[in-house]
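Number of protein chains: 2
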Amino acid sequence: MSTDAATARLTFEVVKTACSNCNLRELCLPIGLPAEDLRRLDELVSTRRRLKRGDHLYRAGQAFESIYAVRSGFFKTDVLIEDGRDQVTGFQMTGELLGLDGISSEIHTCNAIALEDSEVCAIPFSHLEALSRQIHTLQHHFHKVMSREIVRDHGVMMLLGTMRAEERLAAFLLNLSQRFKARGYSPAEFNLRMSRDEIGSYLGLKLETVSRAFSRFQEDGLLAVHQRKVRILNTTGLRKLMTHQRG
Amino acid sequence: MSTDAATARLTFEVVKTACSNCNLRELCLPIGLPAEDLRRLDELVSTRRRLKRGDHLYRAGQAFESIYAVRSGFFKTDVLIEDGRDQVTGFQMTGELLGLDGISSEIHTCNAIALEDSEVCAIPFSHLEALSRQIHTLQHHFHKVMSREIVRDHGVMMLLGTMRAEERLAAFLLNLSQRFKARGYSPAEFNLRMSRDEIGSYLGLKLETVSRAFSRFQEDGLLAVHQRKVRILNTTGLRKLMTHQRG
DNA sequence: TGCCGTGTTTGATCCACGTCAACCCCGGGT
DNA sequence: ACCCGGGGTTGACGTGGATCAAACACGGCA
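Going down the list, the protein sequences come from chains A and B.
The working numbering puts the first residue of the first sequence at 40, with every later residue one more than the last.
The working numbering puts the first residue of the second sequence at 40, with every later residue one more than the last.
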């Protein structure tokens, strides 16, 4: 390989991993940063990492060093206890952050697994802290992201604590729909990246119950399901179902 | 009142609200700060606020300005949805922080209510951000606190998603026990500050189910309960019950 | 092309918890 | 001392979702 080619290659890599050049910058950590700060953020995102479907991004028990921004693909996070039970704690898509759980004890407390071939930007946490001491906007935005995670978790607690099966699934689908929409995809038609079992684990239900709820929604004309392909036919119907009081 | 007396009174107040002089500094935000930084933190904690049992510290929908450190007393946080359902998302005791949920949208997303006469330190969030740009230890510690909240929420999701009634209550009691212990109180004997209904809401159960589980534990010799007074007789028994797989 | 494995659907039955209701306990006010 | 009201306990019964089980759809591979 000639020196010229090597240089070209290097440049290419740098450009590729730069936040300032990333089409997710409106979705990800850099939100709202002026151009000059954005360039400083570029130093931060040291490495990309490519994962194949089924690969672990990190495992519970591993030392925490970086948080990760999903560049493309789809992830789930889950926690296990000895006796084999596990709970899916979230699904992460493009522009969302992974690894915030590891900050508290410097050790990851859950597993992050790619549900399809994916790519992430690794952000060394100490660098992020250093930079956010200098860039107020970044600091504040990072705090908002962590806080939003807490609020999201409260929503899931609400869901698990008070909703019945069909309400849970409706809430889940509407949430996915809204997140796809925010990314420029159709809010009405999308592919589920996760199995019925994984949906069930997230929603505190058994896979059979999830499957039955899907069938019920289809019977009621709320959506069309075929395997993992979902098309929402009646958003307001779903939304009404969610808010419907019991008894 | 003489000028001298007024001055004395003022000094007294200042001393009283200083982190550097607070006996909770090993439990609260100042953890691990050297004396000099501790003094700078003192400027941060601008006001104390006293609440009577039943008072709201803040309500969902209110503008977010400060986070609060519980100085004494006991709180619950909950979220409501229109149709009347509510979910208790946590119970907070001495040294724990309240209000982190409000950072994301500058608006509180849940209600914080004193379950007994309580006192909190208000920490204006913009000041906290400013100071944590200067004091690395504070910054890092604050990040850890937020992260710990996320990890705690994952634990609750696990509990709500996979555990049965008695496991949930066992987990809840062991958690309380451990937190009382960390504060120098007896881990074996304590007063519940919350009603059966509030416990039920937190654990995703009805109050009758909570009450029955208490009775069962008493029959099985795991604990002695009288109203809100609880004495744990068999910690390992409770712990075993928690990890016990179903079916 | 047929076979196999994994994920999904659907049905029959069971059971943990919710619901409804009666009663009890205890503290506060008159 | 009495009543009153809110929280807690306990029982009888109903039900939503779990469990068990069978069959089906689909992709991968020989």
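Positions of the beta carbon are idealized from the N, C-alpha and C atoms, including for glycine.
For residue i and residue j, which I take to be in contact (beta-carbon distance under 8 angstroms), what is that distance rounded to the nearest angstrom?
{"i": "A/L139", "j": "A/A209", "result": "That pair is no contact at about 27 angstroms."}
{"i": "A/G134", "j": "A/L215", "result": "About 14 angstroms separates the two Cβ atoms, so there is no contact after all."}
{"i": "A/D94", "j": "A/T176", "result": "Contact flag wrong, Cβ pair sits at about 33 angstroms."}
{"i": "A/A161", "j": "A/S59", "result": "With 8 angstroms as the limit, A/A161 and A/S59 do not qualify as a contact, their Cβ atoms being about 17 angstroms apart."}
{"i": "A/K115", "j": "A/F130", "result": "5 angstroms"}
{"i": "A/S240", "j": "B/G200", "result": "7 angstroms"}
{"i": "A/M132", "j": "A/R218", "result": "6 angstroms"}
{"i": "A/M197", "j": "B/D192", "result": "About 12 angstroms; that fails the 8 angstroms criterion."}
{"i": "A/M185", "j": "B/M185", "result": "5 angstroms"}
{"i": "A/L312", "j": "A/H180", "result": "Nothing about residue 312 of chain A can be read from this structure; chain A reaches only from 40 to 286."}
{"i": "B/V159", "j": "B/V109", "result": "6 angstroms"}
Between the options, which lies nearest to residue i when the distance is taken from Cα to Cα?
{"i": "A/R124", "options": "B/L136, B/Y241 and B/E206", "result": "B/E206"}
{"i": "B/L137", "options": "B/S111, B/D122 and B/L119", "result": "B/S111"}
{"i": "B/F211", "options": "B/C67, B/I271 and B/P163", "result": "B/I271"}
{"i": "B/I152", "options": "B/K91, B/L80, B/T176 and B/A263", "result": "B/K91"}
{"i": "B/G100", "options": "B/R88, B/E228 and B/I142", "result": "B/I142"}
{"i": "B/R89", "options": "B/D81, B/G200 and B/Y107", "result": "B/Y107"}
{"i": "A/E155", "options": "A/L261, A/V249 and A/N230", "result": "A/N230"}
{"i": "B/M202", "options": "B/S225, B/V264, B/H182 and B/T282", "result": "B/T282"}
{"i": "A/N273", "options": "A/F256, A/H265, A/I120 and A/A204", "result": "A/F256"}
{"i": "A/G194", "options": "B/L119, B/P73, B/K183 and B/S105", "result": "B/L119"}
{"i": "B/S105", "options": "B/E168, B/A204, B/P226 and B/L246", "result": "B/E168"}
{"i": "B/A227", "options": "B/V269, B/A204, B/K245 and B/I189", "result": "B/V269"}
{"i": "B/I174", "options": "B/S225, B/D122 and B/L72", "result": "B/L72"}
{"i": "B/E247", "options": "B/R222, B/A221, B/F113 and B/A204", "result": "B/A204"}
{"i": "A/R87", "options": "A/N150, A/K183 and A/P163", "result": "A/P163"}
{"i": "B/A57", "options": "B/E65, B/D81, B/T128 and B/D122", "result": "B/D81"}
{"i": "B/S165", "options": "A/H182, A/A74 and A/K279", "result": "A/H182"}
With DSSP collapsed to three states, give me the class of residue i.
{"i": "A/L170", "result": "helix"}
{"i": "B/T86", "result": "strand"}
{"i": "B/S143", "result": "coil"}
{"i": "A/Q126", "result": "strand"}
{"i": "B/S41", "result": "Any answer about B/S41 is weak, because its pLDDT of 45 lies below 50 and its placement is not dependable; what the coordinates show is given next. Coil at B/S41, not helix or strand."}
{"i": "B/C160", "result": "strand"}
{"i": "B/R244", "result": "The amino acid at residue 244 of chain B is misidentified as Arg; the sequence shows Leu. B/L244: coil per DSSP, three-state reduction."}
{"i": "B/T133", "result": "coil"}
{"i": "A/I106", "result": "strand"}
{"i": "B/N214", "result": "helix"}
{"i": "B/F234", "result": "Before going further, note that residue 234 of chain B is Ser rather than Phe in the sequence given. B/S234 falls in the coil class under three-state DSSP."}
{"i": "A/I152", "result": "strand"}
{"i": "A/A74", "result": "helix"}
{"i": "A/S111", "result": "strand"}
{"i": "A/I271", "result": "strand"}
{"i": "B/E121", "result": "coil"}
{"i": "B/E228", "result": "strand"}
{"i": "B/L308", "result": "Since the displayed chain B opens at 40 and closes at 286, residue 308 of chain B lies outside it and no answer follows."}
{"i": "A/Q101", "result": "coil"}
{"i": "A/L68", "result": "coil"}
{"i": "A/L96", "result": "strand"}
Using 10 angstroms around the beta-carbon of residue i, count the other beta-carbons present and answer buried if the total reaches 16, otherwise exposed.
{"i": "B/S157", "result": "buried"}
{"i": "A/L83", "result": "buried"}
{"i": "B/Q126", "result": "buried"}
{"i": "B/A252", "result": "buried"}
{"i": "A/Y97", "result": "buried"}
{"i": "A/R78", "result": "exposed"}
{"i": "B/S144", "result": "exposed"}
{"i": "B/T148", "result": "buried"}
{"i": "A/I146", "result": "exposed"}
{"i": "A/Q266", "result": "exposed"}
{"i": "B/Q178", "result": "buried"}
{"i": "A/R235", "result": "buried"}
{"i": "A/A47", "result": "Confidence at A/A47 is low in this model, with a pLDDT of 48, below 50, so its placement is unreliable and the value that follows should be read with caution. Exposed."}
{"i": "B/G258", "result": "The sequence shown places Glu at residue 258 of chain B, rather than the Gly named in the question. By the neighbour-count rule (16 or more Cβ atoms within 10 Å), B/E258 is not buried but exposed."}
{"i": "B/S254", "result": "exposed"}
{"i": "A/S171", "result": "buried"}
{"i": "B/T275", "result": "exposed"}
Positions along the region 180-206 of chain A whose CB lies within less than 7 angstroms of some CB in chain B: Taking 7 angstroms as the upper bound on Cβ-Cβ separation, chain B lies near residues H182, K183, M185, S186, R187, E188, I189, V190, D192, H193, V195, M196, M197, L199, G200 and T201 of the region 180-206 of chain A.
Against chain A: residues of the region 126-140 of chain B by CB proximity under 9 angstroms: Flagged, chain order: Q126, V127, T128, G129, L139 and D140.
Residues in the region 148-161 of chain A having any Cβ partner in chain B nearer than 7 angstroms: Residues T148 and C149.
Near-chain A residues of the region 101-118 of chain B (beta-carbon distance less than 8 angstroms), N- to C-terminal order: Answer set for the region 101-118 of chain B: V118.
Interface positions of the region 241-265 of chain B facing chain A (Cβ-Cβ less than 8 angstroms), listed along the chain: For the region 241-265 of chain B, the set of positions with a beta-carbon nearer than 8 angstroms to some beta-carbon of chain A reads Y241, L242 and G243 in chain order.
Members of the region 166-178 of chain A near chain B, C-beta cut-off 9 angstroms: Residues of the region 166-178 of chain A with a Cβ closer than 9 angstroms to any Cβ of chain B, in chain order: E168, A169, S171, R172, Q173, H175 and Q178.
Near-chain A residues of the region 68-84 of chain B (beta-carbon distance less than 8 angstroms), N- to C-terminal order: So nothing in the stretch comes that close.
Residues from the region 220-233 of chain B in contact with chain A, defined by Cβ distance under 9 angstroms: Residues: none.
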